[in-house]
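Peer 1: Residues 881 to 1165 (the working numbering) make up the sequence shown, in order.
Note that beta-carbon positions come from the ideal geometry of N, C-alpha and C, so glycine has one too.
From a predicted model like this one, the values you see are computed outputs, not experimental measurements.
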Amino acid sequence: MRSPFRMRERFNINNYSNLGQRVITGLIGAGAIVAGSYYSPWLYFIIFALILGFAQMEFYKLSGLDGMLPLKSFGTFLGVTIFTLSFFIGMERLEEQYYFLIFPLASLVFFIKLYRKSDRKPFTGIAFTFLGIFYVAVPFSLLNVAAFSVDGSFHYEIIIGSLLILWASDSGAYFAGTKFGKTKLFERVSPKKSWEGFLGGAASAYLIAYFLGKYFNSIPEWQWLGVATIIIIAGTYGDLIESLFKRSIEIKDSGKSLPGHGGFMDRFDGLLLSAPFIAAFLKIF
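1. Pop quiz: I1039 and S917 are said to be a contact at Cβ under 8 Å. What is the actual Cβ separation, rounded to whole angstroms?
2. Here's the rule I'm using: 16 or more other beta-carbon atoms within 10 Å means buried, otherwise exposed. How should S1033 be labelled?
3. Could you have a look at F1028 and say whether DSSP puts it in helix, strand or coil?
4. Are F1161 and Q1103 close, meaning C-beta to C-beta below 9 Å?
5. How should E938 be labelled, buried or exposed, when 16 other C-beta atoms within 10 angstroms of its C-beta is the threshold for buried?
6. On the three-state DSSP scale, how would you describe S920?
7. Could you spell out the range, first to last residue, of the beta strand (DSSP E) harbouring K1072?
8. Within 9 Å of any Cβ in chain C, is that where the Cβ of F934 sits?
9. Give the secondary structure of K1064 by DSSP, where H, G and I count as helix, E and B as strand, and everything else as coil.
10. Which residue comes first and which comes last in the alpha helix (DSSP H) that contains Q1103?
11. Could you tell me which of Y1117, K1059, S1021, K1094 sits nearest to F1066, measuring between CA atoms?
12. With a threshold of 16 other CB atoms inside 10 Å of the CB of T956, please say whether the residue is buried or exposed.
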């Protein structure tokens, strides 16, 4: 009989190449997110609240590497609270006036910093605490706005569809850039990104959006193409902005939580800038 320890060694993900790790992690993560979002809005809420929490803690950890002292625990708590409020209000379990809880809770950041004697530059820490909320928590919370934007009920198709387009764009850009990439897209910030990769990602995103328009009827076909356009442009800028952030503190990946992908911010950086535009687009049109 084979030892379970030998089996675990054999299937250790670290034994695979970076591409192999990327594929395995991507399939497991995407499967969990898609299945959870489809199965129940409550399971979607739990999964994305966890992702938000990990991503925001990563941001604060990286900020600390550059000498900043944000309120990691309280900032993450506040970010998850904003996400929770937007979800429960979307589900009509709370009234919209509960959004006003955000302001007194956010004001507590100043009180906490006031009583921390060790901080030499408290307002820098305050600024980065709020930046983590605005940069990470607010976009995730706006996903809830997008999901409830059609008729007030939860539409998993919008969440899953947006993520499928984002993943298709990322994957298309990765493979097209690796195979054909020659013309630099933004060399100062990200030397490996190319226009060929960008076009490959755009083609993949539009292809997925076309099929989503055929099978997901929550929004019309032209809006799926609009969502794809947003993700192609804003998602690319989101990737570049996170690269700029990492370059400023001289690191390669935001973390090691996701083998082959880096950290949670590396995997969801395109979503952070896309989500506000998607929510605005669907609410306005």
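Peer 2: According to the structure data:
1. For this step, residue 1039 is matched to residue 159 along the sequence shown. For this step, residue 917 is matched to residue 37 along the sequence shown. The Cβ separation is near 5 Å, so the contact holds.
2. Position 153 of the sequence shown, counted from the first residue, corresponds to residue 1033. By the 10 Å Cβ count, S1033 comes out exposed.
3. Indexing the sequence shown from 1 puts residue 1028 at position 148. It is coil, neither helix nor strand.
4. To locate residue 1161, count along the sequence shown from 1; it is residue 281. To locate residue 1103, count along the sequence shown from 1; it is residue 223. In contact: F1161 and Q1103 (Cβ atoms closer than 9 Å).
5. The residue you call residue 938 lines up with position 58 of the sequence shown. It counts as buried.
6. What you label residue 920 is simply residue 40 of the sequence shown in a count that begins at 1. Coil at S920, not helix or strand.
7. Residue mapping note: residue 1072 aligns to position 192 of the sequence shown, counting from 1. DSSP places K1072 inside the beta strand (DSSP E), whose first and last residues are 1070-1074.
8. Structure shown: chain C not included; a single protein chain is present.
9. Within the sequence shown, the letter at position 184 stands for residue 1064. Strand.
10. Taking the first residue of the sequence shown as 1, we reach residue 1103 at position 223. From DSSP, the alpha helix (DSSP H) with Q1103 extends over 1101-1128.
11. The residue labelled residue 1066 in the question sits at position 186 within the sequence shown. It is Y1117 whose Cα lies nearest to the Cα of F1066.
12. As a first step, residue 956 is located in the sequence shown; it is residue number 76 there, counting from the start. By the 10 Å Cβ count, T956 comes out buried.
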